[in-house]
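In what follows, a single structure is set out as structure tokens and then discussed.
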Amino acid sequence: MPENKNKALSFALGTDHAGYSYKEAIKKHLHDLGHQTKDFGTFNEESVDYPEFITPAAEAVANSLVDYGIVLGGSGNGEAMAANKVKGIRCALCWSVETARLAKEHNNANVLAIGERQISKDLAIEIIDTWLSANFEGGRHQRRIQMLDSE
């Protein structure tokens, strides 16, 4: 994982129609912080099937084309499930600052899932900032990550 402090990072973004509004706000926020994004869509609020947008975003992370991924939907559940089907992805569904911090510190999550219909836009941004500023603790957690990655 790249060091997150004072380094421009790249992000794959993917969403269905229910996460489109937050995706656009998150993209702007990341750009304002000096980061780059690769937007895998969707590009409006018309109903779509989320795997068509989430899987390519997760694959971009797994193939090291970007540093991290952020996927969104109404609840974030389906998006997390779709992302986690891609080998090498550790996607965490986060709904609080605490879940975001632990997703990085304990699970070294490389993709974050957020449900637009579950939390406020301000909290979504705070979750992302917390996740990015946290560091993987390694130690006992490293062994568990290796077990996940070996499956």
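Just so it is clear: in the sequence shown, position 122 is 121 by numbering that gives the first Met the number 0, and no numbers are missing. Cβ atoms here follow ideal geometry from the backbone N, Cα and C, with glycine treated the same way.
| query | What residue ranges within the region 24-101 form continuous beta strand (DSSP E) runs of no fewer than 3 residues, ordered along the chain? | reply | 35-38, 67-72, 90-92
| task | Just the C-alpha distance for residue 147 and residue 137, rounded to the nearest angstrom, thanks. | result | Residue mapping note: residue 147 aligns to position 148 of the sequence shown, counting from 1. Residue mapping note: residue 137 aligns to position 138 of the sequence shown, counting from 1. For residue 147 and residue 137, the distance between alpha carbons rounds to 14 Å.
| field | Span of the beta strand (DSSP E) around residue 9 | value | Here residue 9 is taken as the residue at index 10 of the sequence shown, counted from 1. It spans 9-14 - the beta strand (DSSP E) in which residue 9 sits, taken as one unbroken run.
| query | From residue 108 to residue 41, what distance separates their C-alpha atoms? | reply | For the purposes of this step, residue 108 is taken as the residue at position 109 of the sequence shown. For the purposes of this step, residue 41 is taken as the residue at position 42 of the sequence shown. Their backbone Cα atoms lie some 23 Å apart in a straight line.
| field | Buried versus exposed call for residue 16 [16 or more other C-beta atoms within 10 Å across all chains shown] | value | In the sequence shown, the residue the question calls residue 16 occupies position 17. Counting Cβ neighbours within 10 Å, residue 16 comes out buried, since at least 16 surround it.
| message | Let's see if you can read the secondary structure: which residues bound the beta strand (DSSP E) around residue 123? | response | Taking the sequence shown and counting its residues from 1, one reaches residue 123 at position 124. Run containing residue 123: none in the beta strand (DSSP E); it sits in the alpha helix (DSSP H), 120-132.
| query | Hey, quick one: how far does the alpha helix (DSSP H) through residue 105 stretch, first residue to last? | reply | For this step, residue 105 is matched to residue 106 along the sequence shown. Segment: none, residue 105 is in no alpha helix (DSSP H) and carries neither H nor E.
| message | Once the 5 residues before and after residue 129 are set aside, which same chain residues still bring their CB inside 6 Å of it? | response | Taking the first residue of the sequence shown as 1, we reach residue 129 at position 130. Closer than 6 Å at the Cβ level, and outside the excluded window around residue 129, lie 96, 99, 100.
| message | With the cut-off set at 8 Å, would you say residue 12 and residue 56 are in Cβ contact? | response | In the sequence shown, counting from the first residue as 1, residue 12 sits at position 13. In the sequence shown, counting from the first residue as 1, residue 56 sits at position 57. Contact flag set, yes.
| alpha helix (DSSP H) containing residue 143: first to last residue? | As a position in the sequence shown, residue 143 is number 144, starting the count at 1. Per DSSP, residue 143 belongs to the alpha helix (DSSP H) from 139-149.
| Which word fits residue 7, buried or exposed, when buried means at least 16 other C-beta atoms lie within 10 angstroms of its C-beta? | Mapped onto the sequence shown, residue 7 falls at position 8. When all chains shown are included, residue 7 counts as exposed.
| said: Can you check which of these residues, 93, 125, 51, 33, is closest to residue 75 by C-alpha distance? | reply: Here the question's residue 75 lines up with position 76 in the sequence shown. Nearest of 93, 125, 51, 33 to residue 75, Cα basis: 93.
| message | Pop quiz: residue 61 and residue 86 are said to be a contact at Cβ under 8 Å. What is the actual Cβ separation, rounded to whole angstroms? | response | As a first step, residue 61 is located in the sequence shown; it is residue number 62 there, counting from the start. As a first step, residue 86 is located in the sequence shown; it is residue number 87 there, counting from the start. Yes, residue 61 and residue 86 are in contact; Cβ-Cβ is about 6 Å, under 8 Å.
| request: Mind checking who residue 112 pairs with in its DSSP beta bridge? | output: If you number the sequence shown from 1, residue 112 lands on position 113. Beta-bridge pairing links residue 112 to 70, 92.
| Any idea if residue 66 is buried or exposed, counting beta-carbon neighbours within 10 angstroms, 16 or more meaning buried? | By 1-based counting over the sequence shown, the position of residue 66 is 67. Buried: at least 16 other Cβ atoms inside 10 Å.
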